[in-house]
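Peer 1: In the order they appear, the protein sequences are chains U and V. If you count by UniProt numbering, then the first sequence holds residues 1 to 147, one letter each, in order. If you count by UniProt numbering, then the second sequence holds residues 1 to 147, one letter each, in order. The beta carbon of each residue, even a glycine, is placed where N, CA and C say it ideally should be. Computed from a predicted model, the values in this text were never measured in an experiment. One structure coming up, written as structure tokens, with questions to follow.
Protein chains: 2
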Amino acid sequence: MKADVEKPVTRFSACLMFSANALARAITAIGEEEFGRFGLSYSHAYLLIEVIESPGITPTQLSNSLYLTPSTITRLIEKLEQKRLVKREAEGKNTFVYPTAEGMDMTGAIRTAWERTGERYMSAIGEEQAHALAKQVFRAVRALESE
Amino acid sequence: MKADVEKPVTRFSACLMFSANALARAITAIGEEEFGRFGLSYSHAYLLIEVIESPGITPTQLSNSLYLTPSTITRLIEKLEQKRLVKREAEGKNTFVYPTAEGMDMTGAIRTAWERTGERYMSAIGEEQAHALAKQVFRAVRALESE
DNA sequence: CAAATTTGTTTGCACATACAACAATATTCT
DNA sequence: AGAATATTGTTGTATGTGCAAACAAATTTG
Numbered sequence: 001m002k003a004d005v006e007k008p009v010t011r012f013s014a015c016l017m018f019s020a021n022a023l024a025r026a027i028t029a030i031g032e033e034e035f036g037r038f039g040l041s042y043s044h045a046y047l048l049i050e051v052i053e054s055p056g057i058t059p060t061q062l063s064n065s066l067y068l069t070p071s072t073i074t075r076l077i078e079k080l081e082q083k084r085l086v087k088r089e090a091e092g093k094n095t096f097v098y099p100t101a102e103g104m105d106m107t108g109a110i111r112t113a114w115e116r117t118g119e120r121y122m123s124a125i126g127e128e129q130a131h132a133l134a135k136q137v138f139r140a141v142r143a144l145e146s147e
Numbered sequence: 001m002k003a004d005v006e007k008p009v010t011r012f013s014a015c016l017m018f019s020a021n022a023l024a025r026a027i028t029a030i031g032e033e034e035f036g037r038f039g040l041s042y043s044h045a046y047l048l049i050e051v052i053e054s055p056g057i058t059p060t061q062l063s064n065s066l067y068l069t070p071s072t073i074t075r076l077i078e079k080l081e082q083k084r085l086v087k088r089e090a091e092g093k094n095t096f097v098y099p100t101a102e103g104m105d106m107t108g109a110i111r112t113a114w115e116r117t118g119e120r121y122m123s124a125i126g127e128e129q130a131h132a133l134a135k136q137v138f139r140a141v142r143a144l145e146s147e
């Protein structure tokens, strides 16, 4: 609207907390649109992939690989279970999560959504930029969590 | 727990959507802790700062500078108003937001929280790293939103 | 000027996420 | 073996966020 299209670096954008959140929201918007076509949110999709690749994985393990808290994992599993894409088997204090046949059938769709999401953000910010950024961002995540 | 402390780059972390969200959550956790000491969340604090620096700012303008949707801005203002840190004045179709005296008294506290948050994440990922990362992240945000 | 469109703000609803509390099971220690 | 402690998973509750719709006011168009 204004000639303000090239926004300057503000005191906000210079703050990593601010920009990290803005980036997450911007990319997630794309992801939700692509994954949404298959009735999944991106976190459900990530979780489902992980379960397909490691049948019998536990919530705690999922919590580690997805960087989400156990309670969030429980909620995600609940929803996937309700969609019959995943099933839980309790054994002692552990819970093992398995994909259903229906869940495994989603593999292709998820891969497609994933690729499209990647293509879209790469076309916006450049392929190499995107890869470099992801690597740096993730290094920061690791540094932060081990503090 | 495992000797897995140095986690490898996984198919997840290589995806910018994944890592951006993980970063946002990790940093936000720090921010919420620091800002939380004053009973604010970081977005409320950001909004309050913006209002203090631009008294009479409108929700739409706030929406642009904070990279949040208008509906979210309304919710944030509501909460700040309810804490008597900010007040709204409707005029035609516009709404102007002003800080209250009480709101302005928060300036110091917010600045402190902000600085502490910055110090904490910088000490984890390195000061220069953090600055460089914020800059790159924000460049990506701009690229994404103008697509 | 009246009608239609656009702009600014707010509401209803939904969702992802987390924390704190809890329950159930394992493990450790004496 | 029994008590204390730790681990694992789930729930209740709360928060930040967004979309779509509703609404109000302003602007444009016929």
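Does DSSP classify residue 38/U as helix, strand or coil?
Peer 2: Translated into the one-based positions of the first sequence, residue 38/U becomes position 38. DSSP places residue 38/U in coil when its eight states are reduced to three.
Peer 1: Can you confirm whether the stretch 35–44 of chain V touches the stretch 64–71 of chain U when touching is taken to mean that 3 or more C-beta pairs between the two stretches lie within less than 8 Å?
Peer 2: Output reads no: the stretch 35–44 of chain V does not touch the stretch 64–71 of chain U.
Peer 1: Using beta-carbon positions only, say whether residue 86/U and residue 19/V come within less than 9 Å of one another.
Peer 2: The residue labelled residue 86/U in the question sits at position 86 within the first sequence. The residue labelled residue 19/V in the question sits at position 19 within the second sequence. Not closer than 9 Å, so no.
Peer 1: Between residue 56/V and chain U, is any beta-carbon pair separated by less than 9 Å?
Peer 2: Your numbering for residue 56/V matches position 56 in the second sequence. Output row for residue 56/V: interface = no.
Peer 1: Would you give the residue range spanned by the beta strand (DSSP E) that residue 95/V belongs to?
Peer 2: Locating residue 95/V in the second sequence gives position 95, counting from the first residue. Counting along the chain, the beta strand (DSSP E) containing residue 95/V begins and ends at 94–99.
Peer 1: Could you pull out every unbroken alpha helix (DSSP H) segment of at least 4 residues lying fully inside the stretch 68–133 of chain V, listed in chain order?
Peer 2: Runs found: 70–82, 101–104 and 107–125.
Peer 1: For residue 10/V, go through chain U and note every residue whose CB falls closer than 8 Å to its CB, in chain order.
Peer 2: As a first step, residue 10/V is located in the second sequence; it is residue number 10 there, counting from the start. Residues of chain U passing the Cβ test: 65.
Peer 1: Are residue 144/U and residue 23/V closer than 9 Å when you measure CB to CB?
Peer 2: For the purposes of this step, residue 144/U is taken as residue 144 along the first sequence, with counting starting at 1. For the purposes of this step, residue 23/V is taken as residue 23 along the second sequence, with counting starting at 1. Their beta carbons are under 9 Å apart, which means residue 144/U touches residue 23/V by this criterion.
Peer 1: Any idea if residue 71/U is buried or exposed, counting beta-carbon neighbours within 10 angstroms, 16 or more meaning buried?
Peer 2: As a first step, residue 71/U is located in the first sequence; it is residue number 71 there, counting from the start. When all chains shown are included, residue 71/U counts as exposed.
Peer 1: Name the one or two DSSP bridge partners that residue 179/V has.
Peer 2: For chain V, the structure presents residues 1 to 147; residue 179/V sits outside this window and is missing.
Peer 1: Using CA coordinates, which residue listed in 139/V, 84/V and 61/V is at the minimum distance from residue 101/V?
Peer 2: Mapped onto the second sequence, residue 101/V falls at position 101. Per the Cα distances, 84/V.
Peer 1: Are residue 114/V and residue 32/V close, meaning C-beta to C-beta below 9 Å?
Peer 2: What you label residue 114/V is simply residue 114 of the second sequence in a count that begins at 1. What you label residue 32/V is simply residue 32 of the second sequence in a count that begins at 1. Result no, Cβ atoms of residue 114/V and residue 32/V do not sit closer than 9 Å.
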